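For reference, the structure discussed in these notes is given below.
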Amino acid sequence: AEGTFLLGTFQDITERKLAEQALHQQEETLSTAIAAIDEAFVLYDPDDRLVYCNDKYLQMLPQAKGSLVIGETYEKILRRFFAAGIFSQMLESSGNLAEEMLSKHRKGESDFEFQTVDGRWFRMIDRKASTGHIVGFRIDITELKVATEVAETANRTLQAVNAELALH
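Its first residue numbered 1231, the sequence shown is counted upward by one per residue in this note's numbering.
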């Protein structure tokens, strides 16, 4: 009976170790996959506390690097971003942007664009997972904004030329 008890204990320990190794491998795979994403990635837990952000996220807003503290809530981090003047004055003055961003983030429904004080544009997307975690991406769309502006200017010029030609 004693040998059976020891064998059962040994099997339990072995199974636990195998399960821990499998979990570690899954965590390592997920971490590697997130690091390979070419966009800024952030993860908040069900209590809306920062769990993880990749290097691209940290590079996106270098002036906010010190504002990103693992375990801190999105609200505290967001308010610190506003206090540091990271967002353009145009956005800050457009009503209660911080409250709108916070509300959409908590619902896991964020999908809007913002401009930083250095003139860069980002698309912010947050989605709530079934676990309650919030997964976020911040995509630099500065080049797209510039290209769109150039195309719109060219289109207006073309319309003016066409109107002038129609008169002749």
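Backbone N, C-alpha and C define an ideal beta-carbon position, used for all residues, glycine too.
Since this is a predicted model, take the numbers as computed values, not measurements.
Can you give me the C-alpha to C-alpha distance between Ser-1333 and Ala-1393, rounded to a whole angstrom?
In the sequence shown, the residue the question calls residue 1333 occupies position 103. In the sequence shown, the residue the question calls residue 1393 occupies position 163. Whole-angstrom Cα-Cα distance: 46 Å.
Please report how far the alpha carbon of Phe-1311 lies from the alpha carbon of Phe-1317, in whole angstroms.
Translated into the one-based positions of the sequence shown, residue 1311 becomes position 81. Translated into the one-based positions of the sequence shown, residue 1317 becomes position 87. Taking the straight line from one Cα to the other gives about 7 Å.
Simplified DSSP state of Gly-1366, which is helix, strand or coil
Reading the sequence shown from its first residue, position 136 is the one you call residue 1366. Gly-1366: strand per DSSP, three-state reduction.
Minimum C-alpha distance to Ala-1377 - residue among Ser-1360, Val-1391, Ala-1270, Trp-1351
As a first step, residue 1377 is located in the sequence shown; it is residue number 147 there, counting from the start. It is Trp-1351.
Contact check, Lys-1358 vs Gly-1338 under 8 Å by CB: the rounded distance?
Residue mapping note: residue 1358 aligns to position 128 of the sequence shown, counting from 1. Residue mapping note: residue 1338 aligns to position 108 of the sequence shown, counting from 1. Contact holds; Cβ gap of about 2 Å.
Which residue from Thr-1361, Thr-1346, Gly-1362, Phe-1367 puts its Cα closest to that of Met-1354?
For this step, residue 1354 is matched to residue 124 along the sequence shown. Nearest of Thr-1361, Thr-1346, Gly-1362, Phe-1367 to Met-1354, Cα basis: Phe-1367.
Which of helix, strand or coil DSSP assigns to Thr-1259
Taking the sequence shown and counting its residues from 1, one reaches residue 1259 at position 29. In the structure shown, Thr-1259 sits in a helix (DSSP, three-state: H, G or I).
Buried versus exposed, by CB contacts within 10 Å (16 or more), Leu-1291:
Here residue 1291 corresponds to residue number 61 of the sequence shown, with the count starting at 1. Looking at its Cβ environment, which holds 16 or more other Cβ atoms inside 10 Å, Leu-1291 is buried.
How would you call Ala-1270, buried or exposed, if buried means at least 16 neighbouring beta carbons within 10 angstroms?
Residue 1270 sits at position 40 when you count from the first residue of the sequence shown. It counts as buried.
How many whole angstroms separate the CB atoms of Ile-1364 and Tyr-1274, which I take to be in contact at a CB cut-off of 8 Å?
In the sequence shown, counting from the first residue as 1, residue 1364 sits at position 134. In the sequence shown, counting from the first residue as 1, residue 1274 sits at position 44. At roughly 4 Å, the Cβ-Cβ gap stays under 8 Å, so Ile-1364 and Tyr-1274 are in contact.
Return the bridge partner residues of Gln-1345 from the DSSP annotation.
By one-based count along the sequence shown, residue 1345 stands at place 115. Secondary-structure assignment with DSSP links Gln-1345 through a beta bridge to Trp-1351.
Whether His-1335 touches Asp-1278 by CB criterion (9 Å):
Counting from one through the sequence shown, the residue named residue 1335 turns up at place 105. Counting from one through the sequence shown, the residue named residue 1278 turns up at place 48. Cβ atoms of His-1335 and Asp-1278: closer than 9 Å.
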